[in-house]
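Basically our numbering = 1-based index in the sequence shown + 404. So the structure is just underneath, and the comments pick up after that.
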Amino acid sequence: MSRVEPVTKSQLFLFLIQIQIGFGILYLPNTLQQTAKSDGWISIILAGCAVQLVIVLYWLLLRRFPSVPYFELTKKILGTHLGYVVNIITYVYLILTSTYILIASSKLIKNVLLTMTPHWAISFLLLAVCIYLCSSNLQIIVRVFTVLSVVILFIIVLSFLSFSLPMEIRNITPIGSSGLSNIIKGIKDSLLTLYGFEIILFLYSSARYKGKTFLKVVTFSNIFVVAITVYLTFLSFVILNPTLINQIKIPLVYMFRPLHFNMIDRIDLIFLSIWGIPVVMSIAVYIYFASHWKTTTPKKNSYFVYINGALVYVLFLLASKSDQAFELYGKYIHNLSYVVMFIIPLILLLISYILKKKEQPS
Numbered sequence: 405m406s407r408v409e410p411v412t413k414s415q416l417f418l419f420l421i422q423i424q425i426g427f428g429i430l431y432l433p434n435t436l437q438q439t440a441k442s443d444g445w446i447s448i449i450l451a452g453c454a455v456q457l458v459i460v461l462y463w464l465l466l467r468r469f470p471s472v473p474y475f476e477l478t479k480k481i482l483g484t485h486l487g488y489v490v491n492i493i494t495y496v497y498l499i500l501t502s503t504y505i506l507i508a509s510s511k512l513i514k515n516v517l518l519t520m521t522p523h524w525a526i527s528f529l530l531l532a533v534c535i536y537l538c539s540s541n542l543q544i545i546v547r548v549f550t551v552l553s554v555v556i557l558f559i560i561v562l563s564f565l566s567f568s569l570p571m572e573i574r575n576i577t578p579i580g581s582s583g584l585s586n587i588i589k590g591i592k593d594s595l596l597t598l599y600g601f602e603i604i605l606f607l608y609s610s611a612r613y614k615g616k617t618f619l620k621v622v623t624f625s626n627i628f629v630v631a632i633t634v635y636l637t638f639l640s641f642v643i644l645n646p647t648l649i650n651q652i653k654i655p656l657v658y659m660f661r662p663l664h665f666n667m668i669d670r671i672d673l674i675f676l677s678i679w680g681i682p683v684v685m686s687i688a689v690y691i692y693f694a695s696h697w698k699t700t701t702p703k704k705n706s707y708f709v710y711i712n713g714a715l716v717y718v719l720f721l722l723a724s725k726s727d728q729a730f731e732l733y734g735k736y737i738h739n740l741s742y743v744v745m746f747i748i749p750l751i752l753l754l755i756s757y758i759l760k761k762k763e764q765p766s
């Protein structure tokens, strides 16, 4: 089998922004209206700063083991047995997260686009595409995301069409009126929207350029995602009034509903359809890395992809039975995410420095 080519800077940038821009931003204006209100855009910026600090933490850890995959890195720092336990926790997080994205995506598609199609059928088709994609190697997945990056451009262009709608800048003034405590509460909601940056942990060993170059690329990708999130949230705040944002679950989609053109109708449905492409593809990324937690043999990895795909679908059927089950499922994932994304990398970094563990140059 030929050696897989490393991920280039442009591929890494385009890959990360599509992973990080998820479905959560569609709900974000409604969520922030409950806490930070018109100052929600400030919460997003502060959340982006917090994400950047975590990215630097990841970089400090990963640069000590530049060519070691993350699932091997944990064993080198913690030992075989404890590292194995950490890998299991990480594996569970990846599977649960892919299931959560699948449920949320299929619910949104059913409620807005395919109202007459059974929920299980939508999710099955989405998952089948994802399994087909992640059964290949990382370079092919990255190339697919690179091609799909044109979707981001379409989203930005579509957002410009909203400039023709009436805007009320007073909806976001006076700045800071919601209070510091509410802005801080909004940071947590914004952080959930920016999830996806944890994939950096699994990409470093496959990147062509490491060190400061890698840090610059992931920093620019984070800045881009935060800027897009602030921009779209700001638009929804000045176009829709606060009462309407409170009542609508997906204000960002509803914002485009009044737009009508001679050749194009229902811009909101076009916007949602385009947005869903990278969101659904991100499921494949989580399943792909979950399938590499125990083995590096390509044949066995493909075998694990199908097993994990079946597991995700079973979890989907269990967690999507009711809205209460989905909410409870989401709470478990959010609690686990703090462990996998923040606590474990921090502990690994501290131990690697205290015990002076790092990859020896060949």
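Cβ coordinates follow ideal geometry from the N, Cα and C atoms, glycine included.
Asked                                                                                                                                                                                  : Found
Decide if the region 588–604 is in contact with the region 511–529; the criterion is three or more beta carbon pairs, one per stretch, under 8 Å apart.                                : no
If distances are taken between C-alpha atoms only, which option among Lys761, Lys760, Pro749 and Tyr757 comes closest to valine 458?                                                   : Pro749
Tell me which same chain residues have a C-beta within less than 8 Å of the C-beta of asparagine 826, skipping the five on either side of it?                                          : No statement about residue 826 is possible, as the shown extent of the chain runs from 405 to 766 and does not include it.
Terminal residues of the continuous alpha helix (DSSP H) containing asparagine 626?                                                                                                    : 615–643
Give the single residue among Leu673, Tyr599, Lys589 and Tyr474 whose Cα lies nearest to the Cα of tryptophan 697.                                                                     : Tyr474
Which parts of the region 540–566 are runs of the alpha helix (DSSP H), unbroken and 4 residues or longer, counting only runs that do not cross its ends?                              : 542–552 and 554–565
Can you list, in chain order, the residues of its chain with a C-beta nearer than 8 Å to that of asparagine 434? Leave out the 5 residues immediately preceding and following it.      : Ile649, Asn650, Ile652, Lys653, Ile654 and Pro655
Helix, strand or coil for valine 496 per DSSP?                                                                                                                                         : helix
Is the beta carbon of glutamate 763 closer than 8 Å to that of phenylalanine 469?                                                                                                      : yes
Taking 8 Å as the threshold (C-beta atoms), are serine 610 and leucine 542 in contact?                                                                                                 : yes
Return the Cβ separation of leucine 430 and valine 622 in integer angstroms, given the expectation that the two are a contact with Cβ distance under 8 Å.                              : With 8 Å as the limit, leucine 430 and valine 622 do not qualify as a contact, their Cβ atoms being about 24 Å apart.
In chain order, what are the residue ranges of uninterrupted beta strand (DSSP E) at least 3 long that sit wholly in the region 675–738?                                               : none
With which residues is alanine 767 paired in a DSSP beta bridge?                                                                                                                       : For the chain, the structure presents residues 405 to 766; residue 767 sits outside this window and is missing.
Between the alpha carbons of isoleucine 678 and phenylalanine 427, how many angstroms are there, rounded?                                                                              : 11 Å
Give me, in chain order, the residues of the same chain whose beta-carbon lies closer than 6 Å to that of methionine 745; leave out the 5 immediate sequence neighbours on both sides. : Glu602
Can you tell me which of Val516, Ile711, Ile587 and His485 puts its alpha carbon nearest to the alpha carbon of arginine 661?                                                          : Val516
Is the number of C-beta pairs between the region 686–693 and the region 483–501 that are closer than 8 Å three or more?                                                                : yes
Compare the beta carbon distance of glycine 713 and isoleucine 691 with 8 Å and say whether it is the shorter of the two.                                                              : yes
Leucine 477 and isoleucine 755: beta carbons closer than 8 Å?                                                                                                                          : no
Output needed for leucine 676: all residues of its chain with C-beta closer than 7 Å, excluding positions within five of it in sequence on either side, in chain order.                : Val516, Leu517 and Val657
Distance, Cα to Cα, valine 548 vs valine 561?                                                                                                                                          : 21 Å
According to DSSP, is aspartate 352 part of a helix, a strand, or is it coil?                                                                                                          : This structure cannot settle anything about residue 352, because the visible part of the chain is limited to 405 through 766.
Locate the alpha helix (DSSP H) running through leucine 518, then write down its first and last residues.                                                                              : First-last for leucine 518: undefined, no H or E at that position.
Closest to glycine 580 by CA distance: which of Ser724, Gly444, Leu752 and Gln424 is it?                                                                                               : Gly444
When burial is assigned at 16 or more other CB atoms within 10 Å of the CB, is threonine 647 buried or exposed?                                                                        : exposed
What does the Cβ neighbour count give for threonine 484, buried or exposed, with the cut at 16 atoms within 10 Å?                                                                      : exposed
Return the CA-CA distance between isoleucine 492 and isoleucine 587, expressed in angstroms with no decimal places.                                                                    : 35 Å
Is DSSP giving tyrosine 438 helix, strand or coil here?                                                                                                                                : Sequence check: residue 438 is glutamine here, not tyrosine. If DSSP states are grouped into helix, strand and coil, glutamine 438 belongs with the helices.
Using 8 Å for Cβ pairs, my map puts glutamine 422 next to leucine 552. What's the rounded Cβ distance?                                                                                 : 7 Å
Can you tell me the Cα-Cα spacing of leucine 557 and lysine 760, whole angstroms?                                                                                                      : 45 Å
Applying the 10 Å Cβ sphere with the 16-neighbour rule, what's the burial state of phenylalanine 693?                                                                                  : buried
In three-state terms, what does DSSP make of glutamate 572?                                                                                                                            : coil
Using 10 angstroms around the beta-carbon of asparagine 739, count the other beta-carbons present and answer buried if the total reaches 16, otherwise exposed.                        : exposed
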